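Notes to accompany the following structure.
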Amino acid sequence: MVIQNYISSLLSNPIFLLSVAVFTGLVLGSVKIKGVGLGTSGALFTGLLMGWLGVKVPSVFFMWNLLIFVTAVGLLSSKDIVGVIRRYGYRFIILSVAVTGAGALATYFMALVFSGSVEPLLVAGTYTGALTSSPGLGAALEISGGNPLITIGYTIAYPFGVVSVVLFVQLLPVLFKVDLVRERELLLLAIHDTSPGSAGGVSSVPFTLASFVLCMIGGVLFGTISIPIPLVGDFSLGSTGGALIFALFAGALGSIGPFPMRLDASVLSALRTFSLAYFLAVMGIQAGPDIPRILAEHGVALVAIGAVSAVASLIVGLIVGRGFFKLNWVIFLGAIPGSMTSTPGLGAAIESTGSDESSAGYGATYPAAIFCMVLFTKLIIHALQ
42 MVIQNYISSL LSNPIFLLSV AVFTGLVLGS VKIKGVGLGT SGALFTGLLM
92 GWLGVKVPSV FFMWNLLIFV TAVGLLSSKD IVGVIRRYGY RFIILSVAVT
142 GAGALATYFM ALVFSGSVEP LLVAGTYTGA LTSSPGLGAA LEISGGNPLI
192 TIGYTIAYPF GVVSVVLFVQ LLPVLFKVDL VRERELLLLA IHDTSPGSAG
242 GVSSVPFTLA SFVLCMIGGV LFGTISIPIP LVGDFSLGST GGALIFALFA
292 GALGSIGPFP MRLDASVLSA LRTFSLAYFL AVMGIQAGPD IPRILAEHGV
342 ALVAIGAVSA VASLIVGLIV GRGFFKLNWV IFLGAIPGSM TSTPGLGAAI
392 ESTGSDESSA GYGATYPAAI FCMVLFTKLI IHALQ
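In the working numbering, the protein residues as written are 42 to 426.
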């Protein structure tokens, strides 16, 4: 009886269960086949399995870890954001429009293929899930009056969108045999106008928790600012987008009043890795229980729409970003998930490139991508009704 009570208490302890998902995911991610592994993203897959087995954790863990992650990422990459925007500018806006637009068109045409068997609201939800866009989901829920079909479509497509972008940014450098070390040197040379050996040398101060928390607070407040835009409605970055953009520019400024924002990179990197692993595990656990049920109820249609939309976005992103604009690989691998507003993709890009500079590409594409997601989501609903 004592042993049973002990085991029962462990199985009802969300922190223990979440940590088990993270640990087993990291072990899984450390396994490499021909030099390719899941890395921290392994926590997503073990989380999916545990969620399917019935494990539950409080949803507050999701936003908490996500907020810590994007704040750490923003501060880490802040030294590069000004140089990146100055050098690449309009290209990021075009890339965001191309990636989100390709996903929207693919979703619309796939919906026509399955005409009559899939509700328009399910399709709209699938689009936001395929591009892993919570702002798009919010827009779809707003215009539909909170219809649950939106959430169902989002839930079934989300895992496919996450897996697609994670594998994309991890496998692409391997397939194209990219020398990411050299690409990073060239990037730093370009944005800092200095030699590779001395690029990126930005002075920092010891980590202070007060500065980090202040940056989180500022980011959440910034994300609540709402601007009315024709056809789109009230537009805001949300907590995640607000925290990322605020951290990027707070770090670029160097300080907010007496509080320094160029903090010790080793501590920020540790916070980034820790929060990313837990964020991915929570996401997997939350999505796991719904996958079998939704697949049984809605068949292959939603899977096909979500998969085609995600792949179409990635392929067009590759053509525009590398084919036309010849973006540096390190920046490009961060800009692709930024164009999809995919935080798991950002984590995979940082791991794939081995550098935080890729997150500058993410931060530069993210605001335009959010706007496009909101606009295209609403247009899909109107077009299919």
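For each residue, glycine too, the CB sits at the ideal point set by N, CA and C. Note that the structure is a prediction, hence the values are computed from the model and not measured.
Return the residue from the list V111, F253, P385, A311 that minimises the CA-CA distance to R303. Within the sequence shown, numbered from 1, the residue matching residue 303 stands at position 262. Residue F253 is the option with its Cα nearest to R303.
The stretch 244-263 contacting the stretch 210-220, beta-carbon criterion three pairs below 8 Å: By the Cβ rule, the stretch 244-263 does not count as touching the stretch 210-220, because fewer than three pairs are nearer than 8 Å.
Status (buried if at least 16 other CB within 10 Å, exposed otherwise) for Q327: Numbered from 1 along the sequence shown, position 286 holds the residue referred to as residue 327. Q327 comes out buried.
I need the DSSP call for L304, collapsed to helix, strand or coil. Reading the sequence shown from its first residue, position 263 is the one you call residue 304. L304 carries a strand assignment under DSSP once its states are collapsed to helix, strand and coil.
Top-ranked residue by Cα proximity to A113, from L387, A171, G95: By one-based count along the sequence shown, residue 113 stands at place 72. Minimum Cα distance to A113 is reached at L387.
In whole angstroms, give me the CA-to-CA distance for F86 and P299. Counted from its first residue, the sequence shown places residue 86 at position 45. Counted from its first residue, the sequence shown places residue 299 at position 258. In a straight line, the C-alpha of F86 is about 42 Å away from that of P299.
Mind checking whether G83 and A322 have CB atoms under 7 Å apart? The residue you call residue 83 lines up with position 42 of the sequence shown. The residue you call residue 322 lines up with position 281 of the sequence shown. Result no, Cβ atoms of G83 and A322 do not sit closer than 7 Å.
Residue nearest to V146 in terms of C-alpha spacing, selected from T169, F64, I134, R132: As a working mapping, residue 146 is identified with position 105 in the sequence shown. In the sequence as presented, Val is not what sits at residue 146; that position holds Leu. The shortest Cα separation from L146 among T169, F64, I134, R132 belongs to T169.
Only counting the same chain, and skipping five residues up and downstream in sequence, which positions put a Cβ closer than 8 Å to that of G238? Taking the sequence shown and counting its residues from 1, the one referred to as residue 238 is at position 197. Only weak support exists for where G238 lies, its pLDDT of 43 falling under 50; the value from the coordinates is given anyway. So no residue of the chain qualifies.
Counting only runs that start and end within the stretch 201-271, where is the alpha helix (DSSP H) found for 4 or more residues in a row? Under the rule that a run must span 4 or more residues, the alpha helix (DSSP H) segments found entirely inside the stretch 201-271 read 221-233, 250-264.
Residue range of the alpha helix (DSSP H) that includes M414: The count along the sequence shown starts at 1 and reaches residue 414 at position 373. Annotation for M414: the continuous alpha helix (DSSP H) segment containing it runs 399-425.
Specify the secondary structure class of K367 as computed by DSSP and reduced to three states. One-based indexing of the sequence shown puts residue 367 at position 326. Residue state, collapsed to three classes: coil.
Using DSSP's beta-bridge definition, name the partner residues of S393. On the sequence shown, residue 393 is found 352 positions in, with the first residue counted as 1. The partner list for S393 (beta bridge, DSSP) is empty, contrary to what the question assumes.
Beta-carbon spacing of S205, A351 below 7 Å: For this step, residue 205 is matched to residue 164 along the sequence shown. For this step, residue 351 is matched to residue 310 along the sequence shown. Yes, they are a contact pair.
Less than 7 Å between the C-beta atoms of L162 and G202, yes or no? Taking the first residue of the sequence shown as 1, we reach residue 162 at position 121. Taking the first residue of the sequence shown as 1, we reach residue 202 at position 161. If you check the CB distance, L162 and G202 do not come in under 7 Å.
When the Cα of L67 is compared with those of G375, K367, M414, A318, which residue comes out closest? Position 26 of the sequence shown, counted from the start, is the residue given in the question as residue 67. Taking each of G375, K367, M414, A318 in turn and checking the Cα distance to L67, the smallest one comes out for A318.
Compare the Cα-Cα distances from V341 to each of G194, V138, Y149, N106 and report the closest residue. Here residue 341 corresponds to residue number 300 of the sequence shown, with the count starting at 1. Of G194, V138, Y149, N106, the residue nearest in Cα terms is G194.
Where the alpha helix (DSSP H) through F287 begins and ends: Indexing the sequence shown from 1 puts residue 287 at position 246. Run containing F287: 279-294, per the alpha helix (DSSP H) assignment.
Please state the DSSP three-state secondary structure of S53. Working through the sequence shown from its first residue, we reach residue 53 at position 12. Coil.
Compute the distance between the beta-carbons of S137 and A410, then report whether it is under 7 Å. By 1-based counting over the sequence shown, the position of residue 137 is 96. By 1-based counting over the sequence shown, the position of residue 410 is 369. At a Cβ-Cβ threshold of 7 Å, S137 and A410 count as neighbours.
Decide if A62 is buried, meaning its Cβ has at least 16 other Cβ atoms within 10 Å, or exposed. Here residue 62 corresponds to residue number 21 of the sequence shown, with the count starting at 1. By the neighbour-count rule (16 or more Cβ atoms within 10 Å), A62 is buried.
From V164 to I126, what does the alpha carbon distance come to, in whole angstroms? Within the sequence shown, the letter at position 123 stands for residue 164. Within the sequence shown, the letter at position 85 stands for residue 126. I126 has its alpha-carbon roughly 34 Å from the corresponding atom of V164.
Name the DSSP beta bridge partners of I377, please? The sequence position of residue 377 within the sequence shown is 336, counting from 1. Bridge partners of I377: none, in fact.
Taking the C-alpha atoms as reference points, what is the distance between G92 and L227? Taking the first residue of the sequence shown as 1, we reach residue 92 at position 51. Taking the first residue of the sequence shown as 1, we reach residue 227 at position 186. As the crow flies, the alpha-carbon of G92 is around 43 Å from that of L227.
In the DSSP assignment, find the unbroken alpha helix (DSSP H) run with V164 in it and report its ends. Counted from its first residue, the sequence shown places residue 164 at position 123. Annotation for V164: the continuous alpha helix (DSSP H) segment containing it runs 161-171.
DSSP state of V43 mapped onto helix, strand, coil: Along the sequence shown, one-based indexing puts residue 43 at 2. Residue state, collapsed to three classes: helix.
Quick one: is the Cβ of M324 within less than 6 Å of any heavy atom of the ligand HEM? For the ligand HEM, the structure offers nothing, since it holds no ligand at all.
For A152 and Y131, the rounded distance between their alpha carbons: Sequence index remark: in the sequence shown, residue 131 carries index 90 (1-based). Sequence index remark: in the sequence shown, residue 152 carries index 111 (1-based). Taking the straight line from one Cα to the other gives about 32 Å.
DSSP beta-bridge partners for I346? By one-based count along the sequence shown, residue 346 stands at place 305. Paired residues: none, contrary to the question.
G375 and L368 closer than 7 Å at C-beta: Here the question's residue 375 lines up with position 334 in the sequence shown. Here the question's residue 368 lines up with position 327 in the sequence shown. No.
Quick check: the Cα distance between F412 and H423, rounded to an integer number of angstroms? Your numbering for residue 412 matches position 371 in the sequence shown. Your numbering for residue 423 matches position 382 in the sequence shown. The alpha-carbon of F412 is positioned some 17 Å away from that of H423.
Alpha carbon to alpha carbon, how far is E224 from W370? Give it in angstroms, no decimals. Residue 370 sits at position 329 when you count from the first residue of the sequence shown. Residue 224 sits at position 183 when you count from the first residue of the sequence shown. Approximately 6 Å, taken between the alpha carbons.
Return the chain-ordered list of same chain residues with a C-beta closer than 8 Å to the C-beta of G295, the five sequence neighbours on each side being excluded. Reading the sequence shown from its first residue, position 254 is the one you call residue 295. Here G295 has P301, M302, R303 as same chain residues with Cβ atoms under 8 Å from its own Cβ, once five neighbours each way along the sequence are excluded.
Based on DSSP bridge pairs, tell me the residues matched to I297. Position 256 of the sequence shown holds residue 297. DSSP lists F300 as partners of I297.
Determine the extent of the alpha helix (DSSP H) in which T87 is found, giving its start and end residues. As a working note, residue 87 is residue 46 in the sequence shown. It spans 83-93 - the alpha helix (DSSP H) in which T87 sits, taken as one unbroken run.
For the alpha helix (DSSP H) holding T141, just list the boundary residues, first then last. In the sequence shown, counting from the first residue as 1, residue 141 sits at position 100. In this chain, the alpha helix (DSSP H) harbouring T141 covers 131-154.
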